[in-house]
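Asker: I have a structure I would like to understand better, so I am pasting it below and will then ask my questions one at a time.
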Amino acid sequence: MRRFRGLVLVAILVVTSVVVLAIPEISVFGFTRGGDSTLGLTLGLDLEGGTHLVYRVIPEDGRAATREDMEGVRNIIDKRVNEFGVSEASVQLLGGGVDSVPDRVLVQIPGQTGATITLNFSSDTVSAETLEAFFQNQLGRPDARVVQNDNGSLSIHLDEISGEVLDAAGNILSPSEADAWRDAIIAEYPVALQVGYVLPEVDPPVIGDDTAVDPVPTEIAETLPTLEDVQAAFDSVGRSDADISAVPGAEGLFSILMYGLDTATTDDEGNLIQSEDQRILSALREIGEIQFTSSQGSLTQWTLGGGVQEAKNLIGKTAQLEFRYRECGDIIPPSENIPWPPDGLSPEEWLGVRCTDPAYFTESATEIDAADLADAFPDVSQGAIPRPIVTLVFNDEGADAFFDVTDRVARQNDRLAIYLDGEELVAPSVQAGISGGRAIIEGGNFTSEGVRTIAIQLRSGSLPVSLELIQERNVDAVLGKDSLQKSLFAGGVGLVMLLLFMIAYYKIPGLVASIALIGYTIMLLGIFKMIPVTMTLSGAAAIILSLGFAVDANILIAERTKEELRSGRSLLPAITAGFDRAWPSIRDGNMSTIIVALVLFWFGDRFSTSVMQGFALTLAIGVLLSMFTAFFASRLLLRLIASTRIGDKPNLFVPVPDQTQRGGSATGANS
């Protein structure tokens, strides 16, 4: 019975691997694996082709970069490449040995054959399914495939995008497809704003108070901004196209419908500027005291990828660290006529989302310059219970600006949000204005590794470095997808010939070994797809090598079983003894190979050699799996066959030519 349970387990593993390989792309509960490549495997640069870029990191302040600085730069570039819409890109540090600090960054971007648009909407108002249907049905692009990234943005993968058509003088005759699509998306998904003004001289009711509210007195209502005032505020910032209306029955509350918001926070020279939504908010503040704002549907990111030049522009930007003042939603109702908290939230829920949900807070630039951050490092608090913290140190100018900002944040019970390349790092609250230019950031979910990462990101974001492109080349696929498929076919033919030889020479043990090798190959490819392991030429060599280990293990088992049969044992005891005698050789040989693979992986990680790492990882996985199939699956299957009528014919378990059967003398046998 135990034998059958083991075989059922092996069968389940093989069938599961077949299903995994048969489905091109697997997406369950946000877990996505596979794609359009052969068997859905992830192909490396040498198999799929792509772009090879090498940058030299040059600190502009004259000091030498530390290893942690370089690691921070690597993280920034890695994030930018992922934002570019590229999967399985390789970003590595070069030039460093055991004691020296790397000074170069290698960026390898595979598969830049199609085009990718990465975009984001405020408040997650558009789903991947809705946008994909819009591209396929409304824009006539059935090849569009939309996926949602880990950071909430949406990536649209397309076969190609046509560029702008120019006349002889360089004038645009027709815009690019991407520009037309952006306009169509803005028209399809408008921005909905809402702004509520505080009612003067009226005591607001307590949150949760169910008592009736008296109408707003006429003399007080007349002091609120009118519809014309709000329209004039939008006209002053160049948005006269906004459709503005007053909400009936709610004094001081206005709804605005418009198309598209420019959310850029830097100009062409990299200087900080107010984004369009911030300029609108400033204009609205000039006509009255705002107590409530919300925004939904604005397009906050539009990144066009699919070419080397776009990737270079994105990678080569200097890291942008920003300190923003986050004005959270009001704790008390903005007026007695506005339901509060909004959207049916309970008071407890409102306190949790007023500073964390973009629908309920607004942000503006502060006077803190990223260059004023002198240092950031992980630390431990000095309280009764030590906790991981991040310590910030500002220079003299930064200390003054930091005090002014934190004093405002503390008085208004708001947040100071810190962004790196437009992505939020932390958004801490402040109890009081912080003087002296030194502050700590602590959080209940901070870990020792987490605060180290934040410190590296802060320090790298403020590090004035430039990236000098010193090497660029397009890497054509050495094999390519078509050649890869032909190579797989050739490999399959070779495997079939090997199996035929095993069966012809070793008979039943050869048949069992063949079945085990087929199961081994299927499970190995399934594991590579699900981890996933990026397939490269070195990885393919490791697969072939591990397949050789699997064959060798089965040959050892068959030979040891043959010797036990010649010594006079019956079939089942001979099989058991054969496996037991072969196991030490199989174990020692495979374990020594795994140790070598671990050493190779360590050296590859230490010296940023991805080829060595890929070979070592693939080899280690293959050898471990070959030990399982050779000693567990083959043993179960061989014993099962031996327990049937076939077991009555021991000659089917002895390789040919068999000297015992030919000469009749066991003492003269020589294996």
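Per the working numbering, the very first residue in the sequence shown carries number 620; after that it's consecutive.
Note that the Cβ used here is the ideal one computed from N, Cα and C, for glycine as well.
In this text the structure is predicted, and so the values were computed from the model without any measurement.
#1: By DSSP, does tryptophan 969 sit in helix, in strand, or in coil?
#2: Enumerate in chain order the residues of its own chain whose CB-to-CB distance from proline 1151 is below 7 Å, with the five nearest sequence positions on each side excluded.
#3: Can you check which of these residues, Leu1130, Gly1111, Phe1234, Leu1255, is closest to glycine 663 by C-alpha distance?
#4: Can you give me the C-alpha to C-alpha distance between arginine 862 and asparagine 768, rounded to a whole angstrom?
#5: In terms of alpha-carbon separation, which member of Val692, Ser901, Ala1161 lies closest to leucine 1238?
#6: Between serine 1157 and isoleucine 677, what straight-line distance do the alpha-carbon atoms span, to the nearest angstrom?
#7: DSSP on glutamate 644, reduced to helix/strand/coil?
#8: Give me, in chain order, the residues of the same chain whose beta-carbon lies closer than 8 Å to that of glutamate 982; leave out the 5 immediate sequence neighbours on both sides.
#9: Mind checking which residues open and close the alpha helix (DSSP H) that includes tyrosine 808?
#10: For glycine 1223 and leucine 1175, I'd like the C-alpha separation in whole angstroms.
#11: Can you tell me the Cα-Cα spacing of proline 1203 and aspartate 1171, whole angstroms?
#12: Which one or two residues does DSSP pair with isoleucine 677 in a beta bridge?
#13: Should valine 639 and lysine 1148 be called a contact, given that it needs their Cβ atoms to be closer than 7 Å?
#14: List the DSSP bridge partners of asparagine 739.
#15: Would you list the one or two residues that DSSP bridges to tyrosine 944?
#16: Give the straight-line distance between the Cα atoms of methionine 1231 and alanine 1216, rounded to the nearest whole angstrom.
#17: Give the secondary structure of asparagine 1270 by DSSP, where H, G and I count as helix, E and B as strand, and everything else as coil.
#18: Taking the alpha-carbon positions, what's the proline 1329 to asparagine 694 distance?
#19: Going along the chain, which residues of its own chain have a beta-carbon closer than 6 Å to the beta-carbon of arginine 1057, five neighbours each way excluded?
#20: How many angstroms separate the CA atom of serine 793 from the CA atom of aspartate 802?
#21: Which residues does DSSP pair with proline 1007 in a beta bridge?
#22: In the DSSP output, which residue or residues are listed as bridge partners for isoleucine 1059?
#23: So which of Thr1180, Phe1272, Ile1137, Arg1206 has the shortest CA-CA distance to leucine 632?
#24: Return yes when at least one heavy atom of the ligand COA lies under 6 Å from the C-beta of glutamate 1043, else no.
#25: What number of angstroms, rounded off, separates the C-alpha of isoleucine 1146 from the C-alpha of aspartate 991?
#26: Can you tell me the Cα-Cα spacing of serine 913 and arginine 1030, whole angstroms?
#27: Please state the DSSP three-state secondary structure of glycine 603.
#28: Which partner residues does methionine 877 have in the DSSP bridge list?
#29: If distances are taken between C-alpha atoms only, which option among Gln920, Gln893, Asp998 comes closest to threonine 985?
#30: How should valine 712 be labelled, buried or exposed, when 16 other C-beta atoms within 10 angstroms of its C-beta is the threshold for buried?
#31: Excluding sequence positions up to five away, which residues of its chain have a Cβ less than 6 Å from the Cβ of valine 1028?
#32: Are there three or more Cβ pairs, one per stretch, closer than 8 Å when the stretch 863-872 is compared with the stretch 802-811?
#33: Of the residues Leu725, His671, Leu658, which one's Cα is nearest the Cα of methionine 689?
#34: Taking just the CA atoms, how far does aspartate 1026 sit from isoleucine 1053?
#35: To the nearest angstrom, report how far apart leucine 1088 and leucine 672 are at their CA atoms.
#36: According to the Cβ coordinates, are serine 1133 and methionine 1121 closer than 7 Å?
Answerer: Result, derived from the coordinates:
#1: helix
#2: Arg652, Thr661
#3: Phe1234
#4: Just to set this straight, residue 862 is aspartate in the shown sequence, not arginine. Roughly 33 Å between the two C-alpha positions.
#5: Ala1161
#6: 33 Å
#7: strand
#8: Gln897, Arg943, Tyr944, Arg945, Glu946, Ala1036
#9: Unbroken run through tyrosine 808: none, as it is neither H nor E.
#10: 33 Å
#11: 13 Å
#12: Ser1085
#13: yes
#14: Gln920
#15: Ser983, Leu1035
#16: 9 Å
#17: helix
#18: The structure shown does not extend to residue 1329, since the chain spans only 620 to 1290, so no value can be given for it.
#19: Val1012
#20: Here serine 793 scores only 45 on pLDDT, less than 50, and its place in the model is too uncertain to base an answer on.
#21: Val999
#22: Thr1010
#23: Ile1137
#24: Among the components modelled here there is no ligand, and therefore nothing to report on the ligand COA.
#25: 49 Å
#26: 22 Å
#27: Here the chain has residues from 620 to 1290 only, and residue 603 is not among them.
#28: Val810
#29: Gln893
#30: Inspection of the sequence shows that residue 712 is occupied by leucine rather than by valine. That one is buried.
#31: Leu1035, Val1049
#32: no
#33: Leu725
#34: 7 Å
#35: 7 Å
#36: yes
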